[in-house]
Amino acid sequence: MPRWDPEAKERLRAAALELFAEHGYENATVTQITERAGLTRRTFSRYFADKRDVLFAGSEQLPAAMADAVRRADPALPPFPALLTAMIDVGELLAGMVSQAAQRRAIIASSPELQERERTKLAAVTEAVVEALQERGATESSAKLLAQAGIAIFQTAFERWAGQPEDTDFAARVQEAAAELTANLTP
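Numbering (my numbering), first residue to last: 59 to 245.
Here it is in structure tokens:
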């Protein structure tokens, strides 16, 4: 057996998702995951801190990615359109995940522990976006409001996108969610 398997991380992720779906997140163990993947516990530890990390690995990059995308948006755009543009840009990076997104979402919905981790992740993204919007000239209060609304739009778009894996147009889901919010705010 080779010492380094370039597909090990994805094999572990696939095995974990299968086991979480079959037995529930709480009932699946790291040992079961490694056995299903045909790898060792040591290999698991190289890629993931724990079984929860299988679902959230890489998410620590999302706050910086979203904030950077807000900063890169056309300087002529007002803060909210810049945020929408940023969400679309970041969503394009997620396009490769669509096949696992619905399954991941269902697993997170089944566990209060995972839901809390998801909220913590989204709070970090919101904070990063607030900072980036302030750098674009938004007041602190406006930046907080826009960031929270923007993250709600992003979540809605992501859920709709994940629920329709054959439709890989994340940008359309963002625009649809933003339009829906706007339509519901109009008296």
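For each residue, glycine too, the CB sits at the ideal point set by N, CA and C.
Under a Cβ-count criterion, where at least 16 other Cβ atoms within 10 Å of its own Cβ denotes burial, should residue i be classed as buried or exposed?
| i | result |
| --- | --- |
| E238 | exposed |
| P121 | buried |
| P137 | buried |
| L243 | exposed |
| T184 | buried |
| A241 | exposed |
| A164 | exposed |
| T197 | exposed |
| T87 | exposed |
| R100 | exposed |
Taking residue i as the reference, which of the options has the closest Cα?
| i | options | result |
| --- | --- | --- |
| A123 | K179, A230 and S199 | K179 |
| A229 | E174, L152, E68 and Q206 | L152 |
| L113 | A72, R99 and E93 | A72 |
| A125 | A167, D111 and L142 | L142 |
| R69 | A86, F78 and G96 | G96 |
| Y105 | Y83, P64, A134 and A86 | P64 |
| R130 | A167, E174 and E193 | E193 |
Taking residue i as part of the alpha helix (DSSP H), name the residues at either end of that continuous run.
| i | result |
| --- | --- |
| A73 | A66 to H81 |
| L238 | The residue you asked about is not Leu; residue 238 is Glu in the sequence shown. It spans F228 to L243 - the alpha helix (DSSP H) in which E238 sits, taken as one unbroken run. |
| P16 | Nothing can be reported for residue 16: it is not among the residues displayed for the chain, which extend from 59 to 245. |
| Q90 | V88 to A95 |
I need the DSSP call for residue i, collapsed to helix, strand or coil.
| i | result |
| --- | --- |
| D108 | coil |
| T143 | helix |
| G149 | helix |
| D63 | coil |
| E217 | helix |
For the ligand ADP, is there any heavy atom lying closer than 7 Å to the beta carbon of residue i?
| i | result |
| --- | --- |
| R231 | Ligands in the displayed structure: none, and consequently the ligand ADP is not present. |
- Could you tell me which uninterrupted beta strand (DSSP E) segments, each at least 3 residues in length, are contained entirely in the stretch 151 to 185, listed from first to last along the chain? none
- Message: As an exercise, report each continuous beta strand (DSSP E) stretch of at least 3 residues that is fully enclosed by the stretch 183 to 215, in chain order.
- Response: none
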